[in-house]
Amino acid sequence: MKLPSSTARWLAATGMLLATEVVGLPAQHVFAVQNPQTPIASLDIAASSASNNIFNSVSSISWERIESIPGLPNHQLRIKQPKLYKNNSTQYSGYLDTDTNRHFFFWFSEARNAPNRENAPIIVWLNGGPGCSSFTGALMELGPCRIDKGGLSISPNEYGWDDQAHVIFLDQPLNTGFSYGEDVFDSITAGEDVYNFLQLFYHAFPEYSKGELHIFGESYGGHFVPATAKAIQDKNAELAKESNTGSQSMEKQWQRVLPLASIGIANGLTDPLTQYKYYSTMG
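Using mature numbering (1 follows the signal peptide of the UniProt record, and there is no 0), the letters of the sequence shown correspond one by one to residues -24 to -1, 1 to 259.
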C-alpha cells in the first residue's frame, strides 16, 4: 500500500527530528557486565547505518551520562539532553540497557509551570498496540509539542500534560518505537522492565523523587499499565518486608520503594473477546 504523500512527508520529517535530536540509534554491541560497584563502560554508540535515508545525517551519539547502581548490576541508563524543541523546562532522553540485549528508549519532559517542580508528580505514559510507540502520545496527544501540518516543524502543545507534571514517554515492550533487542512475549515481563527503568531513573534524577508516581496508558495499555502497577506493588512489598526484618540483600539496599499513587487507562483493551462484541453498540 502506498502512503499518501503528505503522510510520507510527516513520517520522514518526524523520523529526522527524533533521530537527530532525541534518540541515539541502536548500539552495535551489548555491554559486558562489570563489577557492580563501578560504572559500566561506555557502549560502542556509533549509530548503525539505517536503510532509510531519513537517518543518514546521524553519524554518532555522544551520551552525556551513563548511570548504574549495584541494586541492578546488569542494567544501565544512557542519558542525553535533546533539543527537539525549546521551552522553559528540561528534557532528557536515552536508553535503559540490560546485558541480555534489551534496550528501552525514553523521553522525559520536566513540568513547565508547576509551582514547585521538586514536588510535581511524575506520569509514565505507555501507548498500546501492542507495538505502538509512546511517541504517538508525545507528538499527537499529551506531549509538550506537536508536529505541525506538513510535518516539517513542531509547535508547543498548550494542553500538554507536562504543564503541571513531569512526563516520561517510554517505548515498551521491546522493539516498539526506538526500543530494540530480544522480544518480550508477556505483559508481566514488560511490567518488570518498567520497574527496573524507574529504579534507575530515580537514581539518576533524585530531584524528581519527591512527587507521586502515576502510570497511565491507552488501548493495549489496559494490559501494560496494570502489569506495571503489579510489578511495582510486589517489589515495594518485598523491599518493605526485607527492610523490617533486616534481611535485605546488598542489591535490595540500593533499590527504593517507588511512590506509586494511581494508574489510569484510556479506552483500554483488556478483554477483546468481550469488548469487540459491543463495538457497534458503543459506536
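Idealized CB from N, CA, C, for every residue including glycine.
Asked, Found
"Under 9 angstroms between the Cβ atoms of F111 and F84?", "no"
"Kindly indicate which three-state DSSP category residue 261 falls into: helix, strand or coil?", "This structure cannot settle anything about residue 261, because the visible part of the chain is limited to -24 through 259."
"Assuming the contact rule is C-beta atoms closer than 8 angstroms, S155 and F200 should be a hit. Round their C-beta distance to whole Å, please.", "Actually they are not in contact, since the Cβ atoms of S155 and F200 sit about 13 angstroms apart, beyond 8 angstroms."
"What distance in whole Å lies between the Cβ atoms of D73 and Q57, which are believed to be in contact at a cut-off of 8 angstroms?", "In fact, because the Cβ distance is near 18 angstroms, the residues do not count as touching under 8 angstroms."
"Tell me the DSSP bridge mates of Y156?", "H79"
"Compare the Cα-Cα distances from L174 to each of W230, T250 and K59 and report the closest residue.", "W230"
"Mind checking which residues open and close the alpha helix (DSSP H) that includes A216?", "G197 to T221"
"L118 and S195: beta carbons closer than 9 angstroms?", "no"
"Candidates L48, I98 and R78: which alpha carbon is nearest F181's?", "I98"
"Could you tell me whether the Cβ atoms of F192 and I241 are closer together than 9 angstroms?", "yes"
"On the premise that D147 lies in contact with G153, defined as a C-beta separation below 8 angstroms, what is that separation, rounded to the nearest angstrom?", "3 angstroms"
"Determine whether the beta carbon atoms of W39 and G70 lie at a separation below 9 angstroms.", "yes"
"On the premise that N89 lies in contact with D139, defined as a C-beta separation below 8 angstroms, what is that separation, rounded to the nearest angstrom?", "5 angstroms"
"Take Y255 and list the residues in its own chain whose beta-carbon comes closer than 6 angstroms to its own, dropping the five residues that flank it on each side.", "none"
"Compute the Euclidean distance between the alpha carbons of G132 and C121, then round it to the nearest angstrom.", "For the record, residue 132 in the displayed sequence is Pro; it is not Gly. Those two C-alpha atoms are separated by around 4 angstroms."
"Roughly how many angstroms separate the alpha carbons of I164 and G197, rounded to a whole number?", "12 angstroms"
"Taking only the alpha-carbon atoms, compute the straight-line gap between G104 and H179 and give it to the nearest angstrom.", "27 angstroms"
"Assuming contact is defined by CB atoms lying nearer than 9 angstroms, are L189 and L234 in contact in what I supplied?", "yes"
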